[in-house]
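Peer 1: One structure is given below, represented as structure tokens, and several questions about it will come after.
Number of protein chains: 6
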Amino acid sequence: MRYDGREHNELRPVTMELDFITHPEGSVLITVGGTKVICNASIEDRVPPFLRGEGKGWVTAEYSMLPRATNQRTIRESSKGKISGRTMEIQRLIGRALRAVVDLEKLGERTIWIDCDVIQADGGTRTASITGAFTAMTLAVGRLVKNGSLKEIPITDFLAATSVGIDQEQGLMLDLNYQEDSSAEVDMNVVMTGEGRFVELQGTGEEATFSKNELNGLLVLAEKGIMELIEKQKEVLGDLVADIQQ
Amino acid sequence: MRYDGREHNELRPVTMELDFITHPEGSVLITVGGTKVICNASIEDRVPPFLRGEGKGWVTAEYSMLPRATNQRTIRESSKGKISGRTMEIQRLIGRALRAVVDLEKLGERTIWIDCDVIQADGGTRTASITGAFTAMTLAVGRLVKNGSLKEIPITDFLAATSVGIDQEQGLMLDLNYQEDSSAEVDMNVVMTGEGRFVELQGTGEEATFSKNELNGLLVLAEKGIMELIEKQKEVLGDLVADIQQ
Amino acid sequence: MRYDGREHNELRPVTMELDFITHPEGSVLITVGGTKVICNASIEDRVPPFLRGEGKGWVTAEYSMLPRATNQRTIRESSKGKISGRTMEIQRLIGRALRAVVDLEKLGERTIWIDCDVIQADGGTRTASITGAFTAMTLAVGRLVKNGSLKEIPITDFLAATSVGIDQEQGLMLDLNYQEDSSAEVDMNVVMTGEGRFVELQGTGEEATFSKNELNGLLVLAEKGIMELIEKQKEVLGDLVADIQQ
Amino acid sequence: MRYDGREHNELRPVTMELDFITHPEGSVLITVGGTKVICNASIEDRVPPFLRGEGKGWVTAEYSMLPRATNQRTIRESSKGKISGRTMEIQRLIGRALRAVVDLEKLGERTIWIDCDVIQADGGTRTASITGAFTAMTLAVGRLVKNGSLKEIPITDFLAATSVGIDQEQGLMLDLNYQEDSSAEVDMNVVMTGEGRFVELQGTGEEATFSKNELNGLLVLAEKGIMELIEKQKEVLGDLVADIQQ
Amino acid sequence: MRYDGREHNELRPVTMELDFITHPEGSVLITVGGTKVICNASIEDRVPPFLRGEGKGWVTAEYSMLPRATNQRTIRESSKGKISGRTMEIQRLIGRALRAVVDLEKLGERTIWIDCDVIQADGGTRTASITGAFTAMTLAVGRLVKNGSLKEIPITDFLAATSVGIDQEQGLMLDLNYQEDSSAEVDMNVVMTGEGRFVELQGTGEEATFSKNELNGLLVLAEKGIMELIEKQKEVLGDLVADIQQ
Amino acid sequence: MRYDGREHNELRPVTMELDFITHPEGSVLITVGGTKVICNASIEDRVPPFLRGEGKGWVTAEYSMLPRATNQRTIRESSKGKISGRTMEIQRLIGRALRAVVDLEKLGERTIWIDCDVIQADGGTRTASITGAFTAMTLAVGRLVKNGSLKEIPITDFLAATSVGIDQEQGLMLDLNYQEDSSAEVDMNVVMTGEGRFVELQGTGEEATFSKNELNGLLVLAEKGIMELIEKQKEVLGDLVADIQQ
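Chains as they are written, first to last, in the UniProt record's numbering: chain A, 1 to 246; chain B, 1 to 246; chain C, 1 to 246; chain D, 1 to 246; chain E, 1 to 246; chain F, 1 to 246.
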């Protein structure tokens with residue numbers, strides 16, 4: 001039994017509130033246990049310089065935390081004047097993950113800006129961001145289809161992410177909260193599509209290593225969790241789902 | 001009649017949700033019409049270098065907007081690597097305003113960090129931030145009293161803020177939304193205590209000027225609005241109110 | 001009686017030396033008591049991007065202090081690599097104040113750059129900057145008229161600024177020097193036109209508040225001082241005055 | 001057959017020149033095909049603030065490329081005034097990977113600084129950096145043992161890294177050069193110990209996804225390559241090897 | 001004959017106004033033709049970290065130009081957020097030059113901060129800065145002697161600087177103004193003591209070269225000019241001169 | 001006799017390895033005693049904005065040191081986020097020196113980027129950089145001639161640099177190593193052409209001064225050393241030499 005009473009293969013409670021903020025084309029407040037992230041998707045009718053004139057679109061992401069998202073107040077990156085390595089790693093990951101399920105040619109010369117702002121953190125903020133950002137992005141492009149700007153939703157599959165890890169006492173665990181994440185020796189983030197294909201796999205020993213058997217155990221847990229998250233996405237997105245090939 | 005049907009001396013609907021985020025000592029989500037600001041107050045048990053050993057505390061504020069708080073996505077200040085003049089002006093204003101009603105000696109060698117993060121903007125974000133920040137700060141110091149760290153609440157009066165302005169067509173108006181703010185020729189932010197004393201008065205002609213009579217009319221509107229906001233604060237803070245001298 | 005022997009409603013001695021520096025289109029060294037500011041106005045034949053093609057001009061200001069303008073040497077902002085909040089607030093104020101008396105359409109697609117460099121500081125540097133900058137700007141556009149680039153001076157009224165304040169011992173005071181500014185509880189900067197209309201009003205309680213009666217007393221003092229400053233401007237500008245409507 | 005004539009499971013030629021630079025405690029020039037990285041290890045007799053007084057050491061890494069390491073000259077990060085997200089990701093990876101095989105308690109209150117400077121790039125610079133950095137670090141701590149500062153080498157196992165990938169035409173490949181890396185759809189970096197345990201696994205679909213079978217195939221290739229790299233390390237390190245537990 | 005009617009070996013008119021600004025320990029406004037520099041010397045009772053506890057002092061300099069010191073307005077370095085290479089070169093030069101005639105042991109654990117702010121530029125700003133800075137520094141340490149903090153003036157000789165250059169049409173010239181500096185092919189700055197010893201010699205061909213004979217001719221011109229500048233320094237410093245060994 | 005056994009007028013051993021790195025148009029590893037610098041020359045087919053449309057080219061340089069080029073690890077300038085004054089001075093010097101022997105009209109609208117990266121430092125890194133950079137630049141433009149892009153090598157003479165200095169014990173010395181440089185009282189860098197004309201002369205007293213006789217002695221030493229360095233350049237460049245006028 002885990003600290004918070006969950007089974008080893010059990011996700012924390014997950015909710016997604018659509019249209020949380022009114023201005024963005026797609027806006028979702030995702031809650032995964034004590035982790036809350038506002039995921040906004042903005043559509044811009046142009047692409048970055050390196051893609052101009054290529055007839056295809058782009059998806060890019062930014063990630064940030066409010067200073068009191070954490071237990072101890074953290075200093076703002078705007079005050080420090082630079083973005084930390086951790087933040088850069090995460091926003092590169094989110095953008096890359098989403099691009100794997102977007103047909104950039106079908107999107108056309110548009111950029112989808114994803115903003116993931118963590119307002120409360122309790123572990124797994126990057127994976128919650130990906131799961132929420134996929135939902136916000138789908139909302140945003142769904143509106144492009146509804147208003148006739150796009151013929152069909154240029155998203156090829158569902159996409160969600162979760163973390164798995166190994167702790168000496170607890171063994172293998174799905175969806176680590178902050179306390180579990182801090183004590184885990186191995187930590188792995190997995191991003192997967194609705195068809196069960198990998199998009200991103202980042203496993204890290206924190207001053208530790210892991211075997212092939214442990215890797216396989218972790219991947220089984222991750223797939224179970226991700227499939228449940230995708231069910232949630234289908235549920236909240238409702239009719240928009242039909243357009244996404246399964 | 002104004003664009004949104006309000007009377008000239010009418011505030012927009014105001015709500016304050018206490019404990020919106022779990023980590024901060026005081027957390028309030030304030031909604032003023034379409035403007036939504038997360039106001040978090042953090043208590044730190046030390047003071048900035050210029051106050052060390054003086055036996056008194058400090059209150060300081062930071063202010064930021066999510067990129068899609070606005071209708072057009074705005075670039076993050078952390079990405080630009082520097083904080084804009086507008087942001088600096090606002091966070092200096094918030095800190096200064098709050099310090100006017102805090103007895104820094106009674107606070108003792110502690111710093112109250114105020115974080116105002118605008119998640120949705122529709123005019124008046126700085127005055128909503130002050131009104132919400134006062135509430136969050138009161139919650140936070142109220143807890144210091146409850147847990148015995150402080151003998152009494154070191155806050156000398158209530159504090160709220162609103163904007164007033166003049167538009168050629170509409171005349172004088174209370175609590176401008178974004179559309180009104182954009183077309184107003186004169187814009188004034190007023191911060192006032194429960195006793196009706198001024199803490200801060202910032203009136204600006206935008207390529208325009210204003211007379212003494214107009215100034216007096218604006219101050220009457222502002223006082224009416226601020227007294228209503230303070231009633232709201234008393235309502236949501238409930239029992240904590242008794243400790244603040246009136 | 002004040003520390004320096006002045007009456008409560010008495011300005012410090014004021015001088016303005018025109019053409020202090022040879023390169024700028026308009027250059028004024030303003031001295032207000034111990035405060036000395038070089039105010040240079042430069043005319044550039046283009047406007048910032050947000051105004052291009054609109055057929056109107058712009059006025060913008062920068063403000064800085066030499067390291068030893070102050071009693072203790074202060075570190076240069078270029079060495080720190082960023083501009084302080086105080087500097088930003090002041091340069092935004094100067095630009096906004098001047099724009100209120102410039103007919104930007106008549107100015108045409110030109111930018112007036114105002115540089116206020118404090119070489120010696122003894123309180124009131126921002127208000128001295130505004131008073132001097134107005135004079136330098138008038139000199140600069142006067143030359144555009146003389147050389148035929150402009151038909152008439154696109155300035156609609158005179159403009160000057162001063163500070164007023166309240167101190168527990170001294171009561172209400174006009175034109176605070178550094179010592180008075182440091183001990184004042186309430187500090188107000190007022191920018192006003194020749195017709196006695198407000199352009200900017202910034203009143204601030206420093207860990208203090210002020211009543212409506214005190215506000216009115218301060219505004220009377222400020223108006224008296226500003227009218228005297230405007231007389232000085234008319235005196236030094238001489239013939240250029242006729243072109244500015246009164 | 002691959003573009004450069006290699007088999008799918010064949011590494012490029014690898015050399016490591018020890019003591020390439022004279023000042024560092026450990027210095028290695030590693031060459032993997034056309035990729036050349038100077039890996040320097042420096043020992044500092046103190047630890048970062050978060051570890052002070054804990055009786056354990058730290059390993060941290062920095063990574064950079066000369067402007068003409070690449071085919072097109074790239075602008076220096078020092079000229080841009082900030083470090084790119086890619087650089088940060090890589091240097092965090094190198095530090096984390098090395099810490100997995102260092103017994104930080106045995107290292108004592110020392111920091112090992114790893115500098116990986118790519119002087120010529122042809123794909124796989126981050127994995128070559130890890131393989132070379134392990135060798136430089138071992139040299140450096142070996143000298144601490146020789147001069148009596150440490151009783152034994154605080155390294156628990158060998159460590160090397162390589163990349164594997166999938167290309168539509170070529171299928172699965174070991175040790176991608178720049179041309180292969182650019183056209184690969186799936187790219188995975190694997191860091192592994194001498195005992196065949198994973199330290200880090202980063203698999204990424206570039207606008208693509210991969211199946212569990214493909215993952216398994218890639219891991220087999222990676223292990224083969226890494227074991228060959230570790231043989232090279234043992235060869236060049238010679239006598240130092242005996243101290244590292246197998 | 002030169003553009004401004006001077007002989008080839010003739011300086012421009014030079015004046016030094018002592019105590020130009022009231023706050024600094026030493027303040028000089030130096031005018032060399034159309035070049036005007038405020039040189040302020042500040043004494044601080046501590047030294048930079050690398051000198052602490054060594055019983056000796058330090059001299060360091062900063063240099064800046066007002067935006068309209070030049071004919072075209074130049075952007076502030078504080079706005080760009082970084083100091084240009086030219087500025088750094090000049091401020092390093094000024095500090096190094098002054099240190100050559102200061103007995104740092106006799107100065108004791110103090111730092112002399114030199115601020116050279118060019119308010120009007122017409123060539124030779126760095127050499128005018130050195131000549132003016134020496135005078136300001138001497139004033140400042142002279143006051144330390146007068147108030148008993150120092151027994152004697154810790155300055156070993158006079159110091160001044162000028163520029164010389166070669167132009168195809170004009171030949172060799174002393175003390176170049178901006179126009180001459182722009183067209184010169186060879187430009188040399190010379191810093192020399194009262195005894196005629198070199199402190200700094202920086203000769204540069206601007207897309208050109210120069211012979212040994214030309215070098216000798218330039219050095220003769222420079223020495224003549226510097227000796228005249230030192231006479232000026234003795235004149236304005238008056239009684240303080242006696243303490244400086246000749 | 002000097003610390004390392006050299007005569008006072010003796011250079012350290014010098015080698016230049018051509019084509020050290022494969023990507024740049026010209027690449028040289030220069031070794032001068034313990035100082036090793038990778039000098040890469042890149043040709044870009046456009047010029048900086050200030051030269052566009054003028055039909056002439058440009059040469060610019062950047063200089064950097066690896067963190068462990070020095071005995072104590074130095075922090076990277078990219079980590080500090082800004083380039084030091086020393087680095088700026090050196091890269092401005094290198095660019096200026098090379099431009100003196102390049103016929104920019106003959107070069108045409110191209111930029112030659114010089115990158116000097118010090119991988120091991122033992123004094124004289126800036127002069128070694130100039131000597132090596134000239135060689136790399138000649139290689140690069142020689143290739144433009146070979147591939148028909150240029151009719152002739154647009155280099156007007158050979159160019160090399162060395163340092164000379166004065167030490168109280170050792171007297172005058174040629175080509176100072178780190179130890180000698182640290183204790184020298186006078187330090188001079190000389191850049192000279194094959195015809196023995198000066199390009200740059202930078203003599204500096206480090207808290208010391210020097211006489212005209214000492215200057216002459218230093219220039220004799222410098223010329224001897226530079227002529228030997230130019231012989232080395234001719235030797236390694238071989239056939240390319242014929243095209244450079246002597």
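The C-beta atom is built at its ideal place from N, Cα and C for all residues, glycine as well.
Please read all numbers here as calculations on a predicted model, not as lab measurements.
Interface residues of chain F around glutamate 62/E at Cβ under 8 Å?
Peer 2: Per Cβ cutoff of 8 Å: no residues; glutamate 62/E is ~11 Å from chain F at best.
Peer 1: Measure from the C-beta of isoleucine 230/B to each C-beta in chain C and report whether the shortest distance is under 7 Å.
Peer 2: No, no contact with chain C.
Peer 1: For phenylalanine 20/A, which of helix, strand or coil comes out of DSSP?
Peer 2: In the structure shown, phenylalanine 20/A sits in coil (DSSP, three-state: anything other than H, G, I, E or B).
Peer 1: Contact check, arginine 68/E vs threonine 111/E under 8 Å by CB: the rounded distance?
Peer 2: That belief does not hold up - the Cβ atoms of arginine 68/E and threonine 111/E are roughly 31 Å apart, past 8 Å.
Peer 1: Return the CA-CA distance between valine 220/A and glycine 123/A, expressed in angstroms with no decimal places.
Peer 2: Spanning the two alpha carbons is a distance of roughly 20 Å.
Peer 1: Specify the secondary structure class of alanine 121/B as computed by DSSP and reduced to three states.
Peer 2: DSSP places alanine 121/B in coil when its eight states are reduced to three.
Peer 1: Okay, do the segment 17 to 31 of chain F and the segment 162 to 173 of chain F touch, 3+ Cβ pairs below 8 Å being the bar?
Peer 2: Segments in contact, no.
Peer 1: Give me whichever residues DSSP pairs with alanine 136/C in a beta bridge.
Peer 2: Per DSSP, none; premise fails for alanine 136/C.
Peer 1: What is the residue span of the alpha helix (DSSP H) that alanine 222/C lies within?
Peer 2: Unbroken alpha helix (DSSP H) run through alanine 222/C: 212 to 237.
Peer 1: Whole angstroms is fine: what's the gap from arginine 2/B's alpha carbon to histidine 8/B's?
Peer 2: C-alpha separation (whole angstroms): 7 Å.
Peer 1: Listing by chain order, which chain G residues have their CB less than 7 Å from the CB of threonine 70/E?
Peer 2: Structure shown: chain G not included; protein chains present are A, B, C, D, E and F.
Peer 1: Can aspartate 175/A and glycine 225/A be called in contact, C-beta distance under 7 Å?
Peer 2: In contact: aspartate 175/A and glycine 225/A (Cβ atoms closer than 7 Å).
Peer 1: Using only alpha-carbon positions, find the residue among Asp181/E, Gly81/E, Leu51/E that is nearest to threonine 127/E.
Peer 2: Taking only the C-alpha atoms, the option nearest threonine 127/E is Asp181/E.
Peer 1: Taking a cut of 7 Å between CB atoms, which residues from the segment 189 to 203 of chain A lie near chain D?
Peer 2: Flagged, chain order: Thr193, Arg197, Phe198, Val199, Glu200, Leu201, Gln202, Gly203.
Peer 1: Do aspartate 167/C and isoleucine 38/C have their CB atoms nearer than 7 Å?
Peer 2: No; because the gap between Cβ atoms is not below 7 Å, this pair is not in contact.
Peer 1: Buried or exposed: aspartate 239/E, going by 16 or more other Cβ atoms within 10 Å of its Cβ?
Peer 2: Label assigned to aspartate 239/E: exposed.
Peer 1: Just to confirm the assignment, what range does the beta strand (DSSP E) spanning leucine 201/D have?
Peer 2: Run containing leucine 201/D: 198 to 205, per the beta strand (DSSP E) assignment.
Peer 1: Is threonine 209/C close to chain B, meaning its C-beta is less than 7 Å from at least one C-beta of that chain?
Peer 2: True, the Cβ-Cβ gap to chain B drops below 7 Å.
Peer 1: Hey, is the segment 52 to 72 of chain A in contact with the segment 101 to 111 of chain A, meaning 3+ C-beta pairs nearer than 8 Å?
Peer 2: Enough Cβ pairs lie closer than 8 Å, so yes.
Peer 1: So valine 236/E and threonine 135/E are supposed to be a Cβ contact under 8 Å. How far apart are they, rounded?
Peer 2: Valine 236/E to threonine 135/E, Cβ: 7 Å. Contact.
Peer 1: Would you identify the three-state DSSP class for aspartate 103/E, choosing helix, strand or coil?
Peer 2: Aspartate 103/E: coil per DSSP, three-state reduction.
Peer 1: Can you have a look at arginine 52/C and say buried or exposed, based on whether 16 or more other CB atoms are within 10 angstroms of its CB?
Peer 2: When all chains shown are included, arginine 52/C counts as exposed.
Peer 1: Assign asparagine 177/F to one of two classes, buried (16 or more other C-beta atoms within 10 Å of its C-beta) or exposed (fewer than that).
Peer 2: By the neighbour-count rule (16 or more Cβ atoms within 10 Å), asparagine 177/F is buried.
Peer 1: Helix, strand or coil, according to DSSP, for alanine 161/F in the structure here?
Peer 2: Strand, per DSSP.
Peer 1: DSSP three-state label for glycine 57/B, please.
Peer 2: Three-state DSSP puts glycine 57/B in coil, outside helix and strand.
Peer 1: Could you pull the start and end residues of the alpha helix (DSSP H) that lysine 80/B belongs to?
Peer 2: Its alpha helix (DSSP H) spans residues 77 to 80.
Peer 1: Using only the heavy atoms of the ligand ADP, determine whether one of them is closer than 6 Å to the beta carbon of glutamine 168/B.
Peer 2: What this structure holds is no ligand at all, so the ligand ADP is not there to describe.
Peer 1: Interface residues of chain E around leucine 93/C at Cβ under 7 Å?
Peer 2: Chain E residues near leucine 93/C: none, gap ~17 Å exceeds 7 Å.
Peer 1: Quick one: Cα of methionine 88/B to Cα of arginine 96/A, how far?
Peer 2: Using only the alpha carbons, I get a separation of about 34 Å.
Peer 1: So does the segment 196 to 208 of chain B actually touch the segment 205 to 220 of chain C, counting three or more Cβ pairs closer than 8 Å?
Peer 2: Yes, since at least three Cβ pairs between the segment 196 to 208 of chain B and the segment 205 to 220 of chain C fall closer than 8 Å, the two stretches touch.
Peer 1: My output table needs one value for glutamine 246/B: the three-state DSSP class, helix, strand or coil.
Peer 2: Any reading at glutamine 246/B needs caution, since the residue's pLDDT is 49, under 50, leaving its predicted position unreliable; the model's value is listed next. Three-state DSSP puts glutamine 246/B in coil, outside helix and strand.
Peer 1: With a CB to CB cut of under 7 Å and the five nearest residues on each side skipped, what residues in its chain are close to glutamate 10/E?
Peer 2: Cβ neighbours of glutamate 10/E beyond the five flanking positions: Leu174.
Peer 1: With DSSP collapsed to three states, give me the class of valine 241/F.
Peer 2: If DSSP states are grouped into helix, strand and coil, valine 241/F belongs with the helices.
Peer 1: At a Cβ cut of 8 Å, what residues of the segment 37 to 67 of chain A count as close to chain B, listed as they run along the chain?
Peer 2: Residues passing the 8 Å Cβ filter: Ile38, Asn40, Ser42, Glu44, Glu62, Ser64, Leu66, Pro67.
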